[in-house]
Structures are given as structure tokens and as C-alpha cells.
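Enquirer: Chains as they are written, first to last, in the working numbering: chain X, 2 to 137; chain A, 16 to 164. Backbone N, C-alpha and C fix where the C-beta goes; we use that ideal spot for every residue, glycine too. All values reported here derive from a predicted model rather than from experimental measurement. Quick one: the structure is below, and I'll ask about it shortly.
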């Protein structure tokens, strides 16, 4: 997996994080770490560009959940605590789509994983980059 | 339960997270060579990823071990059989998560098994006679014959 970060300015500053390749058990901690790094640097809105994400496992879904928690101001689970701790995440995001993290252009098979995991209602999904940035 | 016949294609890897991608490549290559349809391949890849990650993280708990993968075509279905020597664990008995609950009460444990159920047509489990777990995943597929190419 390769990550890219681009800054964009809509109504608020937005970090566009491109996720290229497989978001799975080997790579999900890297994405969480990147979001933590951005958050520490002041980022409060992230658009995850999934247009080049070829695979998302349940670990990848945990990363999305953790990033949403982080941007909500909660401490996400520590990757050092291991898989069991991360999978026992019980703290929540509240109802409805998350205002601080949104998704751009997931490929159909990634979109199906989000749907079958019941996570689509919690993440706004956009198909146009400019309108996604301006939606924050 | 009778011993299932051995299937044509097999792979044995150590239970390490780095081998998840190796397993996915193996399943994709064999399923493609068998000429299963793309959706069936993608669905099986998702299920195999979740099942093998569960074996590595929950079965072996990061301890050394092996995973044997066997796959082929059985009665119109793409079939993957996973064997390991970790502690007995029957994923078919994991209750489904409540996906109607808000995330504040939802837990991520069991999400992998939920995805296995969602992306396969059948999941069966048995303890092997010699000990160890055997999980069989079946996905109905459309098959392209050589003549269709």
C-alpha cells in the first residue's frame, strides 16, 4: 500500500489521503499512523481517496473507524495493543455520517465490503473530488 | 463427517501476516486458471483473507504455525479449504453482529466472520481426526470454458 497526502482548501482545509493498493492486516496500521500524524499537525478534515484502493479487509474497516474516532477527538486504539484490542473497539461515532472523514470513489468491490459490513451509513461517499472537498 | 477428497491445488505457508498477500495471490491465480467468474473470485478472496487473518491472529495468536490451503472446483462451486493446527475454533458458531445498532454499541469482534458469511455461499467447519481445524469455504461461480475464449 502507498499513501499520498495532498492539501486542499474548501470551506475548511482538507487533507486528501490517497490509499493506493491493498488496505489489509499488513497495512492498516500505516494508514492510522498517517492520520495520527496529520491530526497532530492540525488536520481536522480528511478525505480518503479510495479510487486506487484495490482491496479492503476487516482490518482496513477498523482503520476507517479509528480515523473517524481520531477526528472526532477521541483517542483511537493503539496499534501497539495488538489485533485483539483494535477489534474490541466499542467506543462509537454516534449516529449518521461522520462530518470529519469522508470517502472518495471506492471501487465497486470496496464499496460492497463497506455495504456488507454495514458501514456505508456512517461514511459519506463522494464521486467528485471538488464537491467532496467543499462538503466539509 | 467423511474425509473430503483432496483437491488438486494446494499451498502451505507459515502463519505470518506477511503471507496474507501470498495466500490471496495463490487463490486468485488458481481461481483465474480454473476460469471462475471475476465476482466469485473477488468474493472468495475477501472470505479467505478474513479466515486466514483470524487463524493468524486469533488461532495462533502470533505464535509459529502453518496454514494449509487447498482449492479447486466442486459441483459448480469454487472451494477453498483451510487447515491449521491452532486451538480449536469453529467460526460457524460465531453469532452475527447486530448491524442495525449504532456504532457506539457495536463491536468489531466477529466482523471478519460476518464478512466470510456475506461473501461465500457456504462455510463449514470440522475438527480433523488427527486434530486441528478445517474450514471449507464455497462460492458458487460461473465458469468459462476453453471454447468460450
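#1: Report the neighbours of residue 92/A on chain X: residues whose CB is nearer than 9 Å to its CB, in chain order.
#2: Which residues, in order along the stretch 57-79 of chain X, keep a beta-carbon less than 8 Å from a beta-carbon of chain A?
#3: Roughly how many whole angstroms lie between the Cα atoms of residue 107/X and residue 155/A?
#4: Identify, in the order they occur along the chain, each residue of the same chain with its Cβ nearer than 7 Å to the Cβ of residue 87/A, setting aside the five sequence neighbours on each side.
#5: Suppose contacts are defined by Cβ-Cβ distances below 8 Å. Is residue 65/X in contact with residue 47/X by that definition?
#6: Between residue 133/X and chain A, is any beta-carbon pair separated by less than 8 Å?
#7: Take residue 135/X and list the residues in its own chain whose beta-carbon comes closer than 7 Å to its own, dropping the five residues that flank it on each side.
#8: Can the beta-carbon of residue 105/X be found closer than 8 Å to that of residue 24/X?
#9: With a Cβ-Cβ cutoff of 8 Å, do residue 35/A and residue 68/A count as a contact?
#10: Could you check what DSSP says for residue 19/X in three-state terms: helix, strand or coil?
#11: Closest by CA to residue 5/X, which one among 35/X, 56/X and 61/X?
#12: Do residue 63/A and residue 152/A have their CB atoms nearer than 8 Å?
#13: For the stretch 25-38 of chain X, which residues have a beta carbon sitting closer than 8 Å to at least one beta carbon of chain A?
#14: Assuming residue 40/X contacts residue 61/X under a Cβ cut-off of 8 Å, what Cβ separation, rounded to an integer in Å, is found between them?
#15: To the nearest angstrom, report how far apart residue 31/A and residue 71/A are at their CA atoms.
#16: To which residues of the same chain is residue 26/X closer than 7 Å at the C-beta, ignoring the five residues directly before and after it?
#17: So the alpha helix (DSSP H) residue 92/A belongs to, where does it begin and stop?
#18: Taking the alpha carbon of residue 114/X as the point to measure from, which residue in 56/X, 19/X, 133/X and 37/X has its own alpha carbon closest?
#19: Curious, which full-length alpha helix (DSSP H) runs of at least 4 residues does the stretch 46-92 of chain A contain?
#20: Can you confirm whether residue 65/A, when its beta carbon is compared against all beta carbons of chain X, has any partner nearer than 8 Å?
#21: DSSP state of residue 58/X, grouped into three classes?
#22: Would residue 42/X be called buried (16 or more neighbouring beta carbons within 10 Å of its own) or exposed?
#23: Using a Cβ-Cβ cutoff of less than 8 Å, which residues in the same chain neighbour residue 85/X once the five nearest sequence positions on both sides are dropped?
#24: For residue 78/A, count neighbouring Cβ atoms within 10 angstroms of its own Cβ and tell me buried if that reaches 16, exposed if not.
#25: Helix or strand or just coil, what does DSSP make of residue 39/A?
#26: Spatial neighbours of residue 41/A within its chain, please: CB distance less than 6 Å, with the 5 preceding and 5 following residues excluded, ordered by chain position.
#27: Indicate the three-state DSSP secondary structure (helix, strand or coil) for residue 75/X in the structure shown.
Expert: Looking at the atomic coordinates:
#1: By Cβ distance, chain X contributes nothing, its closest Cβ being about 20 Å from residue 92/A, past 9 Å.
#2: 58, 59, 60, 62, 63 and 66
#3: Answer to the nearest angstrom: the Cα atoms are 25 Å apart.
#4: 22, 23, 24 and 94.
#5: Inclusion of residue 65/X and residue 47/X in the CB contact set at 8 Å is not warranted, their separation being larger than that value.
#6: no
#7: 11 and 12
#8: no
#9: yes
#10: If DSSP states are grouped into helix, strand and coil, residue 19/X belongs with the strands.
#11: 35/X
#12: Yes, Cβ-Cβ distance for residue 63/A and residue 152/A is below 8 Å.
#13: Within the stretch 25-38 of chain X, the qualifying residues are 25, 26 and 27.
#14: Their Cβ separation, rounded to whole angstroms, is 19 Å, which puts residue 40/X and residue 61/X out of contact at 8 Å.
#15: C-alpha separation (whole angstroms): 6 Å.
#16: 58 and 60
#17: In this chain, residue 92/A is not harboured by any alpha helix (DSSP H); it is covered by the beta strand (DSSP E) spanning 92-99.
#18: 56/X
#19: 53-69
#20: Output row for residue 65/A: interface = yes.
#21: coil
#22: exposed
#23: Reliability fails at residue 85/X, whose pLDDT of 46 lies under 50, so the model's placement of it is uncertain and no value is given.
#24: exposed
#25: helix
#26: Cβ neighbours of residue 41/A beyond the five flanking positions: 26.
#27: coil
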